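Participant: Note that our numbering numbers the sequence shown so that position 17 is 20, with each residue one more than the last. Ideal Cβ placement from N, Cα and C applies to all residues, glycine included. What you are looking at is a predicted structure, and each value in this text was computed from that prediction instead of being measured.
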Amino acid sequence: MAVRAGLQRGRIEFRQYATSGQDIWSALFTPVVSLIVMYVLRDSTVPGTDFSLGTQSVPGILGLNVVLTGLVGLAMALAMDREDGTVLRAKATPNGVPGYLTGKVVSRAAVTVVSLFVALVPAAFLFDGMELGGAASWLTLAWVLALGLAATLPLGAMAGALAGSVQSLGFVWLLMMGLVGVSGVFYPVTALPGWLQLVAQVFPVYWLGLGLRSALLPDALAAAEAGDSWRHLETAGVLGVWAVVGLLTAPAVLRRMARRESGAAVAAGREKALQRQV
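#1: Can you have a look at residue 52 and say buried or exposed, based on whether 16 or more other CB atoms are within 10 angstroms of its CB?
#2: Which partner residues of residue 48 appear in the DSSP bridge assignment?
#3: Which runs of the alpha helix (DSSP H) at least 4 residues long sit entirely within the segment 173-223? Give them in chain order.
#4: DSSP three-state label for residue 281, please.
#5: Flag this pair as yes or no: are the beta carbons of residue 157 and residue 253 separated by less than 7 Å?
#6: If I measure Cβ to Cβ from residue 147 and keep anything under 8 Å in the same chain, skipping five residues before and after, which residues do I get?
#7: Can you tell me the Cα-Cα spacing of residue 43 and residue 34, whole angstroms?
#8: Spell out a yes or no on whether the segment 57-72 and the segment 117-124 are touching, meaning 3 or more CB-CB pairs, one atom from each, closer than 8 Å.
#9: Who are the Cβ neighbours of residue 56 in its own chain at under 8 Å, not counting the five residues just before and after it?
#10: Could you say if the segment 166-180 and the segment 134-150 meet the contact criterion of at least three C-beta pairs nearer than 8 Å?
#11: For residue 185, which residues of its own chain have a beta-carbon under 6 Å away from its beta-carbon, when the five flanking residues on both sides are left out?
#12: Report buried or exposed for residue 80, applying the criterion of at least 16 other Cβ atoms within 10 angstroms of its Cβ.
#13: Taking 7 Å as the limit between beta carbons, can you name the residues of its chain near residue 14, skipping five residues before and five after?
#14: Does the structure place the segment 132-146 close enough to the segment 219-228 that three or more beta carbon pairs sit under 8 Å?
#15: Using only the alpha-carbon positions, how far apart do residue 69 and residue 110 sit?
#16: Report yes if the CB atom of residue 159 is closer than 7 Å to the CB atom of residue 78, and no otherwise.
#17: What residue from 179, 36, 235, 97 has the CA that sits closest to residue 139's CA?
#18: Can you tell me where the alpha helix (DSSP H) holding residue 32 begins and where it ends?
#19: Can you tell me which of the three DSSP states residue 7 falls into?
#20: Would you kindly report the start and end of the unbroken alpha helix (DSSP H) that includes residue 131?
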């Protein structure tokens, strides 16, 4: 019952999102600006090769979009709904919180996938050298994206549940940008110091970027990666582990958040929000 209600809620929220010009622009702003910058750099080449730097960066733009629209977007949506009392209202109905959370995850995943393909379509025409003609590329893109969302969305849900307010999520945003910076989303981590390469490979962001590059770029570029290969088995394994850990941990964190929701907490959150606006 909760899952069915959540799926219905997710469909409704996605429909509302898709008809809001402001929401659409917020999801597309970063990939659009990034594509423009990379198009300007399309004549530059990856060091040591004659391959376009702009084309090589396209998977990184898509990976960044998954992190910002999916993980950070879900955290912000959850924190905002806590402040305005949406979570408290869900708590007051049978199976309301599981249904609410299912709906949020479904709608945010749908927005992330759609915005990714909206960015990928023009990129296919603007940049030469991407491998989009074979079924293997699309199959790899599908499983990497599915596992990447399963690994990162629970992290976004937990961040939103643990955050005291929307304002406090600025730290999460900075943390994610730092992680993107060291995780080789836009370039192979082999350019980084050895210890930083090991740190990057602990987190799912690195493997998401690697998987997207393996789906969209020629196999010859795998020589620039750690291990001189796309490491599909390791990608699936690490993303799968993060997905399992997140799916096991997030419900407990979210149940704790729901128990703490009350009219007094919502009123305090609204008061803080009003003070920030003033």
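Facilitator: Straight from the coordinates:
#1: Flag for residue 52 reads exposed.
#2: Under DSSP, residue 48 forms a beta bridge with 55.
#3: Runs found: 173-185, 197-203, 207-219.
#4: Unreliable placement is indicated for residue 281, whose pLDDT of 46 sits below 50; no coordinate value is reported for it.
#5: Yes, they are a contact pair.
#6: For residue 147, where only same-chain residues beyond five positions count, the Cβ hits under 8 Å are 211, 214, 215, 217, 218, 238, 242.
#7: Their Cα atoms are separated by approximately 14 Å.
#8: With a cut-off of 8 Å, the segment 117-124 and the segment 57-72 count as touching, because enough Cβ pairs lie within range.
#9: Within the same chain, residue 56 has close Cβ partners 41, 44, 45, 47, 48, 49.
#10: Cβ pair count under 8 Å is below three, so no.
#11: Same-chain partners within the cutoff: 199, 203.
#12: Residue burial is scored here from C-beta neighbours: residue 80 has at least 16 other C-beta atoms within 10 angstroms and is therefore classed as buried.
#13: Scanning its chain for C-beta atoms nearer than 7 Å, with the 5 sequence neighbours on each side dropped, one finds no residue around residue 14.
#14: Cβ pair count under 8 Å is three or more, so yes.
#15: Rounded to whole angstroms, the gap between the alpha carbons of residue 69 and residue 110 is 13 Å.
#16: Residue 159 places its beta carbon less than 7 Å from that of residue 78.
#17: In this structure, 235 is the residue among 179, 36, 235, 97 with its C-alpha nearest to the C-alpha of residue 139.
#18: Where residue 32 is concerned, the enclosing alpha helix (DSSP H) starts and stops at 24-43.
#19: Residue 7: helix per DSSP, three-state reduction.
#20: From DSSP, residue 131 is part of no alpha helix (DSSP H); its letter is neither H nor E.
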